[in-house]
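A.B. asks: From first to last, the protein sequence lines are chains A and B.
Per the numbering used here, the very first residue in the first sequence carries number 470; after that it's consecutive.
Per the numbering used here, the very first residue in the second sequence carries number 7; after that it's consecutive.
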Amino acid sequence: MTSNSAPARPPVTHKIDVIVQRDRQIGWMLTIPALLLLIAVFAYPIGLAVWQSFITKNLGTELQPQFSGIQNYIRMAQDGRFWQSLWNSVVFTTLSIIIEFLLGLGIALVLNQAFRGRNIVRTIAILPWALPTALIALAWTWIFNDQFGVVNDLLLRLRIIDSGINWLGNPTLAMVAVIIADVWKTTPFISILLLAGLQSIPDDLYEAHRIDGANAWQSFWQITLPLLLPQVVIALVFRFAQAFGIFDLIAVMTGGGPGGATEMVSLYIYSTVMRYLDFGYGSALVVVTFLLLVLAVAIAAYLLSRVRGSAQATDAR
Amino acid sequence: MTRTDPTPTIAPSETQQAMLELRHLNKTFSPSVVPVKDLSLSVKRGEFLTLLGPSGCGKSTVLRMIAGLEQPTKGQVLIQGEDVTHKPPGDRNISMVFQSYALYPHMTVADNIASALKLRKIPEEEVRQRLREVSHFLGLEALMERKPSKLSGGQRQRVAVARALVRRPSVFLLDEPLSNLDALLRENVRAELKQLFESQQAPVVYVTHDQTEAMTLSTKVAVLNDGNLQQLDAPHQIYAEPANQFVAGFVGSPQMNFLTLPCEAGAARLGDRSFPLPPPLSHARQVILGIRPEHVRRAQPGDTYTFEGKIFLVENLGMHYLVSVHIQATQQTTYTLRLLLPSDATWEGDSLQIALPPETIHWFDAETGSAVRQ
Ligand SMILES: Nc1ncnc2c1ncn2[C@@H]1O[C@H](COP(=O)(O)OP(=O)(O)OP(=O)(O)O)[C@@H](O)[C@H]1O
Ligand SMILES: [Mg+2]
Numbered sequence: 470m471t472s473n474s475a476p477a478r479p480p481v482t483h484k485i486d487v488i489v490q491r492d493r494q495i496g497w498m499l500t501i502p503a504l505l506l507l508i509a510v511f512a513y514p515i516g517l518a519v520w521q522s523f524i525t526k527n528l529g530t531e532l533q534p535q536f537s538g539i540q541n542y543i544r545m546a547q548d549g550r551f552w553q554s555l556w557n558s559v560v561f562t563t564l565s566i567i568i569e570f571l572l573g574l575g576i577a578l579v580l581n582q583a584f585r586g587r588n589i590v591r592t593i594a595i596l597p598w599a600l601p602t603a604l605i606a607l608a609w610t611w612i613f614n615d616q617f618g619v620v621n622d623l624l625l626r627l628r629i630i631d632s633g634i635n636w637l638g639n640p641t642l643a644m645v646a647v648i649i650a651d652v653w654k655t656t657p658f659i660s661i662l663l664l665a666g667l668q669s670i671p672d673d674l675y676e677a678h679r680i681d682g683a684n685a686w687q688s689f690w691q692i693t694l695p696l697l698l699p700q701v702v703i704a705l706v707f708r709f710a711q712a713f714g715i716f717d718l719i720a721v722m723t724g725g726g727p728g729g730a731t732e733m734v735s736l737y738i739y740s741t742v743m744r745y746l747d748f749g750y751g752s753a754l755v756v757v758t759f760l761l762l763v764l765a766v767a768i769a770a771y772l773l774s775r776v777r778g779s780a781q782a783t784d785a786r
Numbered sequence: 007m008t009r010t011d012p013t014p015t016i017a018p019s020e021t022q023q024a025m026l027e028l029r030h031l032n033k034t035f036s037p038s039v040v041p042v043k044d045l046s047l048s049v050k051r052g053e054f055l056t057l058l059g060p061s062g063c064g065k066s067t068v069l070r071m072i073a074g075l076e077q078p079t080k081g082q083v084l085i086q087g088e089d090v091t092h093k094p095p096g097d098r099n100i101s102m103v104f105q106s107y108a109l110y111p112h113m114t115v116a117d118n119i120a121s122a123l124k125l126r127k128i129p130e131e132e133v134r135q136r137l138r139e140v141s142h143f144l145g146l147e148a149l150m151e152r153k154p155s156k157l158s159g160g161q162r163q164r165v166a167v168a169r170a171l172v173r174r175p176s177v178f179l180l181d182e183p184l185s186n187l188d189a190l191l192r193e194n195v196r197a198e199l200k201q202l203f204e205s206q207q208a209p210v211v212y213v214t215h216d217q218t219e220a221m222t223l224s225t226k227v228a229v230l231n232d233g234n235l236q237q238l239d240a241p242h243q244i245y246a247e248p249a250n251q252f253v254a255g256f257v258g259s260p261q262m263n264f265l266t267l268p269c270e271a272g273a274a275r276l277g278d279r280s281f282p283l284p285p286p287l288s289h290a291r292q293v294i295l296g297i298r299p300e301h302v303r304r305a306q307p308g309d310t311y312t313f314e315g316k317i318f319l320v321e322n323l324g325m326h327y328l329v330s331v332h333i334q335a336t337q338q339t340t341y342t343l344r345l346l347l348p349s350d351a352t353w354e355g356d357s358l359q360i361a362l363p364p365e366t367i368h369w370f371d372a373e374t375g376s377a378v379r380q
């Protein structure tokens, strides 16, 4: 082939070559089972929820479905308990993710330094994450117990307080307590994820930056954070989805109390469907929560793609 | 190529001053890992010093101590007469090209090059000016907005060099900057580097295990082995007058022939010939004869030291044949010798009359390995 080609250029062929075509066919064949599974476990329940949300089916209708249009959604807009639980979820998610992220990053930075016994410390650090949440929740319930709890005992001994605090009985303190428990459990997840990212940053970048005249603080902002961005995004998205759907920890520690102060959306939906047997309204709650989650992730993804567009951290070597 | 910025005129006294000086440098990682034992040397303005040695001999460690990335166990590093042993890398006014190039993957080429200037709070106008100069100088103009991942190996190498040049440092440090390039590109870039650093005033310390790079680029070569300086000389001297058997064997390709010969009465015997030895070796019982393959030739009438060689291997190197022969010295001892013959050479059978010109022979003390000159 020559670049200064003759005037009569060969016709562009649209035929895909055989190898590519065969690869595609095999690709489809291999993904179809997984796609079917995805449809069965995701698309079907969501579709069902959307359908049921336009139906009234509760004890009032003797559990017979009656089409009621957007009645459930109108009811939701006026349902103070729903908005309260949504607000609780937002507060819980935001605070616990921010704290977990900062702590997890700090721990990852420490674990990334070479020191004696690092491997043992690393293993111990992920233990909380490996334990079952229900057990942890029980343990924290006892830790915050107003009469026998460790927290009150410590505070009393240090003479910071002079009578036991009823942690789980006070609306604000109950929220603080569940956030502390959640942070304790999931910080290791973030730190291990970020540690993997930190370890993939080559040392010579830091050395080159030091020779360029950077101090540790500047290297953190100009090298570590931008190159850690992919892991940060993954950690935050995962944690956002998990924290927004938190159920077991809250159910065991406070059951949503006191007086609904820690009732998250997931708990409210659970009660609506399983306790009040209000299937139609429960489905409407699911649909709205689902759409809000999708919206939040989409906004986050959009913002991050813009950040990463200007500071892409990828395969440079 | 010319320098675009006017260099200040240098007073004669300043020319003499060592830009970089190492005094009794030692690095001990652990009692058994001592890659640098006791190294002293100095580099003046305009010099190009190469640290040459086999893998693991401590070349990078020396460079990293100069850069301040590694703290010497003992000894001092002086830059422009100032003791910088305990200064952080950023305060030493050196720049370094890493073997991996260590380009910041998330920054554009321009930001990579400008990083040091920005960290030093150099005014933006000057940063832009210097970026323009250096990118023009190295032909990087079209690449300035790209990320390193979108560059070829040769282009990345250039960016790494640009990042070093833009600093206008007191000393340039380069750690095997060519080893990630393919053979052909390496030759081109080597020639470019030579021109480029000849146009700079600041001295260069260049680490390599490639003797061709060392010979072609340097004004001075320091051969390192076992944590010690084996020889510090101009490249042609390293080749012509190696200080010891290690240097003689390490520099030059194909490798120098070494024959351990018995001696008596101040002469070394090889078969029925005897070579008079230089006086310091007159009482030795054994001695090592060294001769480069390119200096062994076919015997001509009038040659004194001629031998019959039995050919057992012929390798075609393109420009030459590398011929390996056995020399039967006595009933029990045979010696192996390799010689280069021109590609148009012909011979019959497997026997070759060869001559060892005495003026090309190197003598080494069999015990210490040091060279003994005539
Ligand atoms: N941080 C370290 N801790 C312990 N030993 C080290 C360390 N850095 C280097 N060494 C050892 O010091 C010796 C010299 O290493 P160095 O990297 O200086 O070799 P080099 O001459 O540059 O080799 P190469 O040509 O392979 O790059 C090696 O034996 C190496 O294992
Ligand atoms: Mg090295």
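Beta carbons are placed, not taken as given, at the ideal position from N, Cα and C, and that holds for glycine.
Let me check one thing: in DSSP terms, what residues is P268/B bridge-paired to?
C.D. replies: Reading the second sequence from its first residue, position 262 is the one you call residue 268/B. DSSP, once it has assigned bridges, lists Q292/B as partnering P268/B.
A.B. asks: Please state the DSSP three-state secondary structure of D651/A.
C.D. replies: Here the question's residue 651/A lines up with position 182 in the first sequence. DSSP places D651/A in helix when its eight states are reduced to three.
A.B. asks: Among the residues of its own chain, which have a CB less than 8 Å from the CB of A166/B, if the five just before and after it don't count?
C.D. replies: The residue you call residue 166/B lines up with position 160 of the second sequence. Closer than 8 Å at Cβ, skipping near neighbours: V103, F104, Y107, A108, L109 and P183.
A.B. asks: Beta-carbon within less than 7 Å of L574/A's beta-carbon, same chain only, minus the 5 sequence neighbours each way: which residues are those?
C.D. replies: The residue given as residue 574/A occupies position 105 in the first sequence. Counting only Cβ-Cβ distances below 7 Å, and skipping sequence neighbours, we find L663.
A.B. asks: Can you tell me whether P183/B sits near ligand 1, meaning its C-beta is under 7 Å from at least one heavy atom of the ligand?
C.D. replies: For this step, residue 183/B is matched to residue 177 along the second sequence. No, since every heavy atom of ligand 1 falls outside the 7 Å radius drawn around the Cβ of P183/B.
A.B. asks: May I have the straight-line CA-CA distance separating A712/A from N621/A, to the nearest angstrom?
C.D. replies: The residue labelled residue 712/A in the question sits at position 243 within the first sequence. The residue labelled residue 621/A in the question sits at position 152 within the first sequence. Those two C-alpha atoms are separated by around 27 Å.
A.B. asks: Since M390/B is in the beta strand (DSSP E), which residue starts that stretch and which ends it?
C.D. replies: Absent from the structure is residue 390/B, since the part of chain B shown begins at 7 and ends at 380.
A.B. asks: By Cβ distance, which residues of its chain are closer than 6 Å to E321/B, with the 5 residues on each side in sequence left out?
C.D. replies: Counting from 1 along the second sequence, the entry for residue 321/B is found at position 315. L328.
A.B. asks: Count Cβ pairs between the segment 115–123 of chain B and the segment 672–691 of chain A that sit closer than 8 Å; are there 3 or more?
C.D. replies: Short answer: they touch.
A.B. asks: Shortest alpha-carbon distance to W552/A belongs to which of P695/A, A677/A, L736/A and R591/A?
C.D. replies: The residue labelled residue 552/A in the question sits at position 83 within the first sequence. If we check each option's Cα against that of W552/A, L736/A comes out closest.
A.B. asks: Taking only beta-carbon positions, decide if R775/A is within less than 8 Å of chain B.
C.D. replies: Counting from one through the first sequence, the residue named residue 775/A turns up at place 306. Not closer than 8 Å to any Cβ of chain B, the Cβ of R775/A fails to qualify, so no.
A.B. asks: If you measure between the beta carbons of A377/B and A249/B, is that distance less than 8 Å?
C.D. replies: Looking up residue 377/B in the second sequence gives position 371. Looking up residue 249/B in the second sequence gives position 243. Their beta carbons are under 8 Å apart, which means A377/B touches A249/B by this criterion.
A.B. asks: Note down, in chain order, all residues in the segment 700–718 of chain A with a beta-carbon under 9 Å from any beta-carbon belonging to chain B.
C.D. replies: For the segment 700–718 of chain A, which is checked against every Cβ of chain B, not one residue is closer than 9 Å.
A.B. asks: In the segment 93–140 of chain B, which residue ranges form an unbroken alpha helix (DSSP H) of at least 4 residues, counting only runs that do not cross its ends?
C.D. replies: As far as the segment 93–140 of chain B is concerned, its whole alpha helix (DSSP H) runs of at least 4 residues are 115–125.
A.B. asks: By DSSP, does M470/A sit in helix, in strand, or in coil?
C.D. replies: Sequence index remark: in the first sequence, residue 470/A carries index 1 (1-based). Note that M470/A scores 41 on pLDDT, short of 50, meaning its location in the model is unreliable; the coordinates nonetheless yield the value given after this. Coil, per DSSP.
A.B. asks: Cβ of S121/B less than 8 Å from any chain A Cβ?
C.D. replies: By 1-based counting over the second sequence, the position of residue 121/B is 115. Yes - at least one Cβ of chain A is within 8 Å of the one on S121/B.
A.B. asks: Tell me whether the beta-carbon of Q23/B lies closer than 8 Å to the beta-carbon of G81/B.
C.D. replies: Mapped onto the second sequence, residue 23/B falls at position 17. Mapped onto the second sequence, residue 81/B falls at position 75. No, these two residues do not count as a Cβ contact at 8 Å.
A.B. asks: Is N99/B near S176/B, with beta carbons less than 8 Å apart?
C.D. replies: As a working mapping, residue 99/B is identified with position 93 in the second sequence. As a working mapping, residue 176/B is identified with position 170 in the second sequence. Yes. Within cutoff.
A.B. asks: Taking only beta carbons into account, state which residues of the segment 57–74 of chain B come closer than 9 Å to chain A, listed in chain order.
C.D. replies: Those residues of the segment 57–74 of chain B that come within reach of chain A (Cβ to Cβ, closer than 9 Å) are R70, A73 and G74.
A.B. asks: With distances taken from CA atoms, which of K127/B, A148/B, N194/B and M262/B is nearest R344/B?
C.D. replies: Taking the first residue of the second sequence as position 1, residue 344/B is located at position 338. If we check each option's Cα against that of R344/B, M262/B comes out closest.
A.B. asks: For the structure I just gave you, are there three or more beta carbon pairs, one from the segment 603–621 of chain A and one from the segment 647–661 of chain A, closer than 8 Å?
C.D. replies: Yes: the two stretches touch, three or more of their Cβ pairs being nearer than 8 Å.
A.B. asks: Have a look at D44/B and S66/B and give me their C-alpha separation to the nearest angstrom.
C.D. replies: Residue mapping note: residue 44/B aligns to position 38 of the second sequence, counting from 1. Residue mapping note: residue 66/B aligns to position 60 of the second sequence, counting from 1. Going by the C-alpha atoms only, they are around 15 Å apart.
A.B. asks: Relative to ligand 2, is the shortest distance from any of its heavy atoms to the C-beta of V213/B smaller than 7 Å?
C.D. replies: Residue mapping note: residue 213/B aligns to position 207 of the second sequence, counting from 1. Yes.
A.B. asks: When the cut-off is 8 Å and only beta carbons count, does L180/B lie next to chain A?
C.D. replies: Against the second sequence, residue 180/B aligns to sequence position 174. L180/B does not count as touching chain A.
A.B. asks: Helix, strand or coil, according to DSSP, for H678/A in the structure here?
C.D. replies: Working through the first sequence from its first residue, we reach residue 678/A at position 209. Looking at H678/A - three-state DSSP - the assignment turns out to be helix.
A.B. asks: Is it true that the CB of T731/A sits closer than 8 Å to the CB of A603/A?
C.D. replies: Taking the first residue of the first sequence as position 1, residue 603/A is located at position 134. Taking the first residue of the first sequence as position 1, residue 731/A is located at position 262. Cβ atoms of A603/A and T731/A: not closer than 8 Å.
A.B. asks: Can you tell me where the alpha helix (DSSP H) holding H242/B begins and where it ends?
C.D. replies: Start at 1 with the first residue of the second sequence, and residue 242/B comes out as number 236. Taken as a continuous stretch (DSSP letters only), the alpha helix (DSSP H) holding H242/B covers P241 to A246.
A.B. asks: To the nearest angstrom, how far is the alpha carbon of L362/B from that of I85/B?
C.D. replies: Residue mapping note: residue 362/B aligns to position 356 of the second sequence, counting from 1. Residue mapping note: residue 85/B aligns to position 79 of the second sequence, counting from 1. When rounded, the distance between both Cα atoms is 47 Å.
A.B. asks: Can you check whether the CB of T342/B is closer than 8 Å to the CB of H332/B?
C.D. replies: Looking up residue 332/B in the second sequence gives position 326. Looking up residue 342/B in the second sequence gives position 336. Taking 8 Å as the Cβ cut-off, H332/B and T342/B qualify as a contacting pair.
A.B. asks: If the cut is a Cβ gap below 9 Å, which residues of chain A does P286/B touch?
C.D. replies: By one-based count along the second sequence, residue 286/B stands at place 280. The premise fails here: P286/B is roughly 47 Å from chain A at the closest Cβ pair, so nothing lies under 9 Å.
A.B. asks: Run down chain A in chain order and give the residues with a C-beta less than 9 Å from the C-beta of M102/B.
C.D. replies: Residue mapping note: residue 102/B aligns to position 96 of the second sequence, counting from 1. Within 9 Å Cβ-Cβ: E676, A677 and I680.
A.B. asks: Does the distance from the CB of T312/B to the CB of Q359/B come in under 8 Å?
C.D. replies: Counting from 1 along the second sequence, the entry for residue 312/B is found at position 306. Counting from 1 along the second sequence, the entry for residue 359/B is found at position 353. Yes.
A.B. asks: Indicate whether the contact test is met: 3 or more Cβ pairs, each with one atom in the segment 532–540 of chain A and one in the segment 705–720 of chain A, closer than 8 Å.
C.D. replies: The segment 532–540 of chain A, when compared against the segment 705–720 of chain A, does not touch it at the 8 Å Cβ threshold.
A.B. asks: Alpha carbon to alpha carbon, how far is D672/A from R70/B? Give it in angstroms, no decimals.
C.D. replies: Mapped onto the second sequence, residue 70/B falls at position 64. Mapped onto the first sequence, residue 672/A falls at position 203. The straight-line gap from Cα to Cα measures roughly 13 Å.
A.B. asks: For V227/B versus L26/B, is the C-beta spacing smaller than 8 Å?
C.D. replies: Here residue 227/B refers to the residue found at position 221 when the second sequence is read from its first residue. Here residue 26/B refers to the residue found at position 20 when the second sequence is read from its first residue. In this structure, L26/B does not lie closer than 8 Å to V227/B by Cβ.
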